[in-house]
Amino acid sequence: AQIRVVYSSLEALEIARKNPSYRVIFLGIGFETTAPTIAASILMASEEKIPNYLILSGHKIMPPAMRALVENHQIRIDGFLCPGHVSSVTGSKIYEFLAKEYQIPCVVAGFEPLDILESIRLLLGQIKSGQARVENQYRRAVTYEGNPKAQQLMGKVFIKQTTSWRGIGKIPQSGLKIRQNYASFDVEAQFPIKIKESEDYPGCICGDILRGLKTPPDCSLFKKVCSPSRPLGACMVSSEGTCAAYYKYHQEES
Numbered sequence: 001a002q003i004r005v006v007y008s009s010l011e012a013l014e015i016a017r018k019n020p021s022y023r024v025i026f027l028g029i030g031f032e033t034t035a036p037t038i039a040a041s042i043l044m045a046s047e048e049k050i051p052n053y054l055i056l057s058g059h060k061i062m063p064p065a066m067r068a069l070v071e072n073h074q075i076r077i078d079g080f081l082c083p084g085h086v087s088s089v090t091g092s093k094i095y096e097f098l099a100k101e102y103q104i105p106c107v108v109a110g111f112e113p114l115d116i117l118e119s120i121r122l123l124l125g126q127i128k129s130g131q132a133r134v135e136n137q138y139r140r141a142v143t144y145e146g147n148p149k150a151q152q153l154m155g156k157v158f159i160k161q162t163t164s165w166r167g168i169g170k171i172p173q174s175g176l177k178i179r180q181n182y183a184s185f186d187v188e189a190q191f192p193i194k195i196k197e198s199e200d201y202p203g204c205i206c207g208d209i210l211r212g213l214k215t216p217p218d219c220s221l222f223k224k225v226c227s228p229s230r231p232l233g234a235c236m237v238s239s240e241g242t243c244a245a246y247y248k249y250h251q252e253e254s
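This is how it looks when you write it as C-alpha cells:
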C-alpha cells in the first residue's frame, strides 16, 4: 500500500482517475466545512464512473455535540463562540436551538484577534443583560442561511449516524455516513473492516480538557513527557489544540 498526503479529495480523485488499477481510499475527516467537498468528489466519481475511488468517512457535525455539552451540567457552559468556517456552510441558524431551548448565548466569531475580542464582548453583553440569542460577528463570511449548495451536497450524499467523540462518548445523529445510493464509494460498505475504539495514553486527560473540566497544567504528562515534538494526546497533536497552545503561550504564575 502507498500512503500519500494530498491537499483535497479532488486531488485523491485525480489519482484514482489516473490509476484505474489501484484502489484509492481517501480519509474523509472534519466537520461541515469539509464534508461538502467530499460529497462533491463522490458525485463526480459516480458521474465519471471511477469505481476505484473510495471514502472512509469520519465526518462529524456540530449541533449534536453542542447539545451534549450543554446537557452535561457538570460543564456549566455560559456561552458559545461558534466556529466561523463551519458557520459559513451551515449558516448561523443552526445555533438557534441553543438560545431558544437552553438560553445559552451564542456568537459566531471570526479568526482574527479583534474578531475574538469583539465576540467575547458580545457574549459578555448578552450574559450581563440576561439575554440569550445568536449574534453573528463574522458577517463578512457568514450569513443566517449559510451555503445552500454545500448543504444540498451533504444531504444528497450523507446520512446522519451515531458516532463517538473523544471525552464525550457516543452522540446520536452526530456523524455522517455515506448513503446507500453511493455505497460503492464507501470503504465500510465494501470491505469487512471493524475500527477499534481508540484508547487514551495512560494518564492523558484530553477528554476532560476538551470538555473544559480541566486545563493542560492539570495533566501529569503536560510538558513532562507530552510536548508538540512528542504528543501523546489529541490536544497536543494539533497546533490548534488546547495543550499545544498552552505549551507555546501559557506563562505559569511564579
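Counting with full-length UniProt numbering, you get residues 1 to 254 for the letters of the sequence shown.
The C-beta atom is built at its ideal place from N, Cα and C for all residues, glycine as well.
field: Uninterrupted beta strand (DSSP E) stretches inside the region 171 to 213 (no shorter than 3 residues)
entry: none
- request: Please work out which residues of its chain come closer than 7 Å, Cβ to Cβ, to Ala35, disregarding the five sequence neighbours upstream and downstream, and give them in chain order.
  value: His59, Met154, Phe158 and Leu176
Cβ shell of Glu252 (< 8 Å), same chain only, five flanking positions each side left out: Pro217
query: Just how far apart, CA to CA, sit residue 259 and Thr143?
result: Any property of residue 259 remains undetermined from this structure, which presents the chain solely from 1 to 254.
message: Between the alpha carbons of Leu81 and Val107, how many angstroms are there, rounded?
response: 5 Å
task: For the alpha helix (DSSP H) containing residue 276, list its first residue and its last residue.
output: Residue 276 falls outside the range modelled here, since the chain spans only 1 to 254, and no answer is possible.
query: Between Gly146 and the rest of its own chain, which residues show a CB-CB distance below 6 Å, the 5 nearest in sequence each way excluded?
result: If the five residues before and after Gly146 are omitted, its C-beta is found closer than 6 Å to the C-beta atoms of Val89, Thr90 and Gly91, all from its own chain and listed in chain order.
- request: For the alpha helix (DSSP H) containing Gln126, list its first residue and its last residue.
  value: Pro113 to Ser129
Pairwise C-alpha distance: Ser129 and Ser41: 46 Å
query: Roughly how many whole angstroms lie between the Cα atoms of Pro105 and Ala132?
result: Those two C-alpha atoms are separated by around 4 Å.
task: Leaving out five residues on either side along the sequence, give the residues of the same chain with a beta carbon under 8 Å from the beta carbon of Val70.
output: Ile77, Leu98, Tyr102 and Ile104
query: How many Å lie between Asn136 and Ile116 at the Cα?
result: 12 Å
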